[in-house]
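First the structure, in the form of structure tokens, and then the observations on it.
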Amino acid sequence: MEDNKQTRCFLCECYGEISDVVDLESIRKGLEHHPRIVSCEKVKSLCLEENIDELAKRIPLSPESRVLLGACSFLARGDAIITGLQKRGIDPKHIELVDLREGCAWIHRDDPASATKKAGDLINMGIAALVQRNYSEDLTIEPKQEVLVIGAGPAGISAAASLVKLGITVHLLDRAKTPGGLLNLIKKIAPETDGTPQHVEAFLYTVGNSPLVRYYPGSRISAVRGSAGDFTVEFTSGSDVKSINVGAVIIATGARVNLPGSLYRYKELKGVITGIELERSFKGPGMKVTSAVFIQCVGVRDADRPYCSAICCPVSLKQAIQLLEENPDAEVTILHRDIMCPGSVLEDYYRKAMEAGVRFVRYDQDTPPGILGAEQVEEIRVYDVITGRERRIDAELVVLSSPLIPHDDAARVAELFDLNRDIHGFYEVRSLMHPLETTKDGVLVCGSARWPVLARTAILQGEAAAMKAFALLNTDQLTATQISQFKERKFSLALVDRQACTGCGNCVAICPYDACSLEADQGAYKSTVSQMRCTGCGSCVSVCPNGSIQLPEQNALLIGEMLKAAFS
Amino acid sequence: MSLVEDARLKAKNALEEGLVDGVLALARVEDEPYPYVFEVAAETGMLELEPKWLLAKLAMNILRSSPQDYRLGIICRGCDERALNELSKRNQFDPARLHVIGLACSAEQARICLCTKPYPASIALGEKSEGFDPREDERARMFLSDDPGTRMQHWAAELSRCIKCYGCRNSCPICVCEPCKLEDDLWVRRGEIPADMVSYHLIRAFHLSDTCVACGGCTDACPVNIPLMLLQVAMRETLANNYGYEAGTDLERLSPVLSDLTIEPCPPLMEPGWLDSLKVNHET
Amino acid sequence: MTQEILLSDHAESTRHNAAPKVVVFACKWCALIGADAAGKNKVQLPVNFRVIPVECASRVEADAVIRAFSSGIDGVAVMGCHLGGCRYNNANHRAAKRLELLRPLLDTVGIDSRRLFTSFGTAHEHHQFADVIGEFYRRLQDLPPVQAWSRSNMNDYRRGDT
Amino acid sequence: MSAKPPHMKPVIVIGGGVAGITASLDLARAGTAVHLVEKGPALGGQVSALDKLYPTDHCAFCPLWTEVRNCMLNPLITVHTCAEINTITKTDGALKVVVDEHPRYIDENRCISCGRCVPACGVDAISTLGAHAYPPSYYIYREKCTLCGKCVDVCPTSAIDINRKAASSEILARDVIWATGFQDYDISPLEEYGYGTHPDIMSSLQFEEWTAESGLNRGTVVKKQDNKQPASIAFIQCAGARDLRLFPYCSAVCCMHALKQAQWVKRRNPQVQCVIFFTDMRAEGRHYYEYYLREIGGSSIELLRGRPGLIYPMPDEDGIAVKYENTITQSRQIRKFDMVVLNGALQPSLAKSKDSGYSPILDTEGLLSGISPTIKSCGFCREPMDVEASVVQASSAALRVHVGEEQ
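Protein chains in written order, with my numbering: chain A, 1 to 568; chain B, 569 to 852; chain C, 853 to 1014; chain D, 1015 to 1421.
What follows is the structure in structure tokens.
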């Protein structure tokens, strides 16, 4: 490959921090008649504003001009130099920063001779990298200013309403016939003390009346294609099949309540009911009772479901308070292993339940409460861990508080969007600072589909997801390198040499972002890479048997040449 | 009825019933065995089973160059069948167009090939016989001895006789890449005989780390008689111990190296101690 | 005749006394930060190592490690993030598994697999990076010098270079 | 032109922790100009002071440093470090916010971190901003600096200017988001916890700093008293929290934080005995309970239910006595520990700055109640919560400010 790149090299003395250890003069002389170096200068410093101005003047803006900076590390002042040059019109891809300070001078003070040799090698490695580096072409698309929200529970309608406020068209798709998700099953939203019901009303109103919302009840997604900024989603709504084109997807499919199966003689004894059945009675005539017992952590926080579903404690507190309001002289006891009411609002609610007269007994996982009675519940026996004695509570009502578990078709939806799911079946998300983003750019998840949450948190997550979707679409041009929220610029996008590819599918199997796919091409299979999905990690390159897939910015030749230059 | 007659009968029936359009097997022409595609039922009289001849790559090329609806039968041994599984996992041909007639190898054939599983999944011809552990073979014992020094001496001495004829790569049923990395000057310097032991042989061996079906093709093809298959023994054992994975036996299961630890757990890597602690111990 | 060529060529490539040459493939998100921190704190480290920054440990090809050994490098370190801490959705799990599978092959031909050092324990603090590099050097020092390696060594290798 | 035209007036985000950073980035990406006011010398807040984060055990700065960098480089975000809010006064339809910026003697754009100023300083007032702060630079701590000027002429890039004066700027803002997070609270008023009576009775944030891998002990766990390895450590939960005398709320983060600290102690030296005194082990977030199971099941961390009655230094020998009621044996016991970590007394950072002209409305527990019309709040200062919840609430607050509507 004939290359006419002219590389200009600048070695920074860093006010003696580098030049005291590394003999820059000998390196400069060595580079003078290097075939690829046009000019090589030694400067006192590179990173101050005035130096960057000086530097930018000496670098022509032509596409062939390359810059090799022998200075400090990117994390030290290197970043400031490159950003400064970028502001003055020099493409950072044409700059190679060689770390002579943190990487060489400062860690080999006591051996200047070999430090100089190492610096020379590092410079040669930098030249090799600069020469061999190609550039992945950036893909630019016009993001669709529409968002698909799946699920019309509290999280879904909050996301939809928020998107409407941001001026984005929303396709609200829900499996059920009526919006509201789990809220339809309950009378009051726990904890009703903090204004959540008013928020839900406001959202329902916005979603119901805004022209920007297209609501498809009773529909089911059948196919998904595309990537961030340009998804094509096909779904069946009632009888007809529809296809929409959206820029981002917010999954708010929620979760379902787990039935206790045969635990605590449920279904066998009259009077043993679940929280949902109790809620149904609150919506109806209400329940006359003299003594009721709630049992927490039923079918959860145990061997086969090792997680805490977080909402059952606040919900039981709400139901206990409601029972006491309807039966003022009744006795309500909650048997629990830990009351999960973190923060201020939920802790106050816990205190409010105590003041309302709810009694709490702590039991241990290994000694669960026993339910006695022939057909009707008569007595509960439980070993009270605090007092160390067995308690006998006669009660005619036992409410089993059960957890939220993932929907049955969560696996199907995850398959459609290529999402990972954790061991419990909830959708996996990225790091702590990106708690609603999935591994696929443009697909966000919020509400109980991600992890069981109360309505108040689901609403917050809906708004946050709407804001993140808006941040993604709020531009006329979405470029593949700008998408990832992790960093402002993706390092490189994989490129396939279709001629060499044997279609073995290793890259398709290993890609953590499902960016590779096989396409039939005259009878044989060839791999293609979706620029939008690819994040440039390079997993595919290391499993491709004949190197037909490469990261242009760090191709195999570049690594090979750097290896050669390492100890030349 | 002897094994050969049984094979000829099965091939004839397959052709007559129109199950396949041709059967790939050996034929004896002027007393020399040749791979031959029997398309006429009568010719199956010339069908032979000996000697062992690896037909997997041949079958793939036949299927690739024949029309889409051409169905091929093949009389193939255990290693061929495993090789065909690996190739179909790599989308090199459509397995539906292949009709496998499994032939079990004899115990001494297994002894020669150092084969641990000398029988296909579905045995149509011959009986299952005992596999042979490569570590028992006395020549192999030197190459796989416990002391690294002797191992190195043997391997260095043997590999220094390599004339880089690429016979091992060409005969290996899995190697289908063109261009192949071993011909790229970046990985293996050109014009150097014997081939650079580390870069040529180890790169080739590692490319087959999770796909080698231990058919012995490389050892048979090597003109200077280097037991190349022994390079794979340690890796195949690691895969079997850590993941319970053997190449070519399960069409659905992808190589465990292509998925993360939550999907294909690997015991030594799972304990955080091994990786997380700074005092990373490497006595695997 | 081949036997003598092989061993004589390696005479000078055994360079028993010189410090071992190490190439470090450092993951940009963790190990490179550790290397930078070690620099900032001016921790004195052995000279003979060169860092090649990679986007993720999963970018390191086993062929590149083999290529490094074949060009006379004594030790290759691949340093990536925590298992579960990778920015690329567990890409480092597969890197760990693949390099784990390279070890038996290196051992088979007698190249001690401890020359391939993998640390997925985030050497992100300066003292951790320094400890990891120091320990790798100690381990390389007391490994037996590799006699019958490939016939290539660095200067012979330069023959075909531009 | 990449972003849509920015809305007319900027938004002030107070607090450069995870909540503040997320709110600023979300607003900037939505096209609104932001002024991020941080009282410390660098962004990162409490999370950057932590060693590890639960539930993934990552290093704390790992998810944070790209966000901090994005914040600093985003053209729509102006970051004011070493700055505090003086007054917020309501003018016609907007808020006039006066920001006091304390003098930053070392200019971070000129400091090349060569470190020559540190030996020159007689009172040891100069140090780096922490291993991974952005932008990387040295910093002179005003409280220790005697303005002697010895460091000024040592600096090669003349980045030090000790006669920089405090400045205050006035910003006309559309809205304010409080994201001031929390800080450690000295609970010596509650004598039964014995805080301050023994060097090895410390708060959890102090313990985190004392045993941090990037700290001076480089991750090794030693007693403050004699730098020897402790035999046993007690983690006291809800010390000062869920306590009507001090903080009635539950600080939400300390159960998991104690688990994390105990687990890292066990991982670094398995023979140290760790005991956690808890009332409710609140591990209810995403993957928290698995973390709890792995720690309790795996590495023998002992859980004792109940709050200790009294903690005091042992009179005759060294060590700390913890008096508690053992619910299993129903008896009162005293147990000797080498170190005691008090978890729970986390105060929202807002309460202190009551004197600012426009005192935001606080609820009974000193938390910023969200109901005031023009002031939005998110993160721990509004309701005790962990990193994930703070980041979500920050995005929600950013949304409400961007569309200009009550919380």
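We put the beta carbon where it would ideally sit given N, CA and C, even for glycine.
Every value quoted in this text rests on a predicted model; they were computed, and no experiment measured them.
Checklist entry - Is the Cβ of I925 of chain C closer than 9 Å to any Cβ of chain A? => result yes
Checklist entry - Excluding five sequence neighbours on each side, which residues of the same chain lie with their C-beta closer than 6 Å to the C-beta of L335 of chain A? => result I295, V361, Y363, P369, V382
Next on the checklist: Once the 5 residues before and after E1098 of chain D are set aside, which same chain residues still bring their CB inside 6 Å of it?
Outcome noted: K1053, D1114
Checklist entry - Ordered along the chain, which non-local residues of its own chain (more than five positions away) have a Cβ less than 6 Å from that of P1069 of chain D? => result H1301, Y1302, Y1305
Next on the checklist: If contact is defined by three or more beta carbon pairs under 8 Å, each pair taking one atom from either stretch, is the segment 230-245 of chain A in contact with the segment 428-441 of chain A?
Outcome noted: no
Checklist entry - When you check each C-beta in the segment 1299-1319 of chain D against every C-beta of chain A, which residues fall closer than 9 Å? => result G1299, R1300, H1301, Y1302, Y1303, E1304, Y1306, L1307, R1319
Checklist entry - Going by alpha carbons, who is nearest to L212 of chain A out of A:V149, A:S237, A:K188? => result A:V149
Checklist entry - Hey, quick one: how far does the beta strand (DSSP E) through I334 of chain A stretch, first residue to last? => result 331-336
Checklist entry - Which word fits Q1407 of chain D, buried or exposed, when buried means at least 16 other C-beta atoms lie within 10 angstroms of its C-beta? => result buried
Next on the checklist: What does the Cβ neighbour count give for C925 of chain B, buried or exposed, with the cut at 16 atoms within 10 Å?
Outcome noted: The question about residue 925 of chain B has no answer, for chain B in this structure spans 569 to 852.
Checklist entry - Between the segment 1169-1188 of chain D and the segment 1104-1123 of chain D, do at least 3 Cβ pairs fall closer than 8 Å? => result yes
Checklist entry - Between P191 of chain A and V289 of chain A, what straight-line distance do the alpha-carbon atoms span, to the nearest angstrom? => result 23 Å
Checklist entry - If the cut is a Cβ gap below 9 Å, which residues of chain C does R719 of chain B touch? => result D959, T960, V961, G962
Checklist entry - Count the other CB atoms within 10 Å of the CB of L1087 of chain D; is the residue buried (16 or more) or exposed (fewer)? => result exposed
Item to check | Test item: CB-CB of R1282 of chain D and G1358 of chain D under 9 Å | outcome: no
Item to check | 9 Å Cβ cutoff met for V1093 of chain D and L1039 of chain D | outcome: no
Checklist entry - What separation, rounded to the nearest whole angstrom, lies between the Cα atoms of A152 of chain A and C511 of chain A? => result 32 Å
Next on the checklist: When you compare the CB positions of V906 of chain C and F877 of chain C, do they come within less than 9 Å of one another, or not?
Outcome noted: yes
Checklist entry - By the criterion of Cβ-Cβ separation under 8 Å, what are the contact partners of A909 of chain C in chain D? => result Chain D residues near A909 of chain C: none, gap ~15 Å exceeds 8 Å.
Next on the checklist: Assuming the contact rule is C-beta atoms closer than 8 Å, A1063 of chain D and S1404 of chain D should be a hit. Round their C-beta distance to whole Å, please.
Outcome noted: Contact doesn't hold; Cβ gap of about 15 Å is too wide.
Next on the checklist: With H, G and I counted as helix, E and B as strand and the rest as coil, what does DSSP make of M569 of chain B?
Outcome noted: coil
Checklist entry - Shorter than 9 Å from the beta carbon of R885 of chain C to some beta carbon of chain B? => result Here residue 885 of chain C is Ile; the residue named in the question, Arg, does not match the sequence. Cβ-Cβ to chain B under 9 Å: no for I885 of chain C.
Checklist entry - Cβ of T779 of chain B within 9 Å of Cβ of A815 of chain B? => result yes
Checklist entry - How is V429 of chain A classed by DSSP in three states: helix, strand or coil? => result coil
Checklist entry - To the nearest angstrom, how far is it from the Cα of T866 of chain C to the Cα of A471 of chain A? => result Note that T866 of chain C scores a pLDDT of 44, beneath 50, so its modelled location is shaky; the value from the coordinates is reported in the next line. Computed Cα separation, rounded: 59 Å.
Checklist entry - Helix, strand or coil: which one does DSSP assign to N738 of chain B? => result helix
Item to check | Reference Q376 of chain A, options A:V272, A:I423, A:A410, A:L323, closest by Cα | outcome: A:V272
Checklist entry - Buried or exposed: I189 of chain A, going by 16 or more other Cβ atoms within 10 Å of its Cβ? => result buried
Next on the checklist: Is the separation between the beta-carbon of L615 of chain B and that of A595 of chain B shorter than 9 Å?
Outcome noted: yes
Checklist entry - Any contact of the segment 35-50 of chain A with the segment 64-82 of chain A, i.e. 3+ C-beta pairs under 8 Å? => result yes
Checklist entry - With DSSP run on the structure shown, which of helix, strand or coil describes D1369 of chain D? => result Note that D1369 of chain D scores a pLDDT of 45, beneath 50, so its modelled location is shaky and nothing firm can be said.
Checklist entry - Taking Cβ-Cβ distances shorter than 7 Å, what residues in chain C pair up with P328 of chain A? => result In chain order: nothing, as chain C lies at least about 52 Å away.
Item to check | Cβ pair count under 8 Å reaching 3, the segment 1410-1420 of chain D against the segment 1215-1227 of chain D | outcome: no
Checklist entry - Hey, A724 of chain B and M765 of chain B: beta-carbon distance below 9 Å or not? => result yes
Checklist entry - Is the shortest distance between the beta-carbon of R450 of chain A and the beta-carbons of chain C less than 9 Å? => result no
Next on the checklist: So K873 of chain C contacts chain B; which residues on that side make the cut at Cβ distance below 8 Å?
Outcome noted: Correct list: empty, because the minimum Cβ distance to chain B is about 15 Å.
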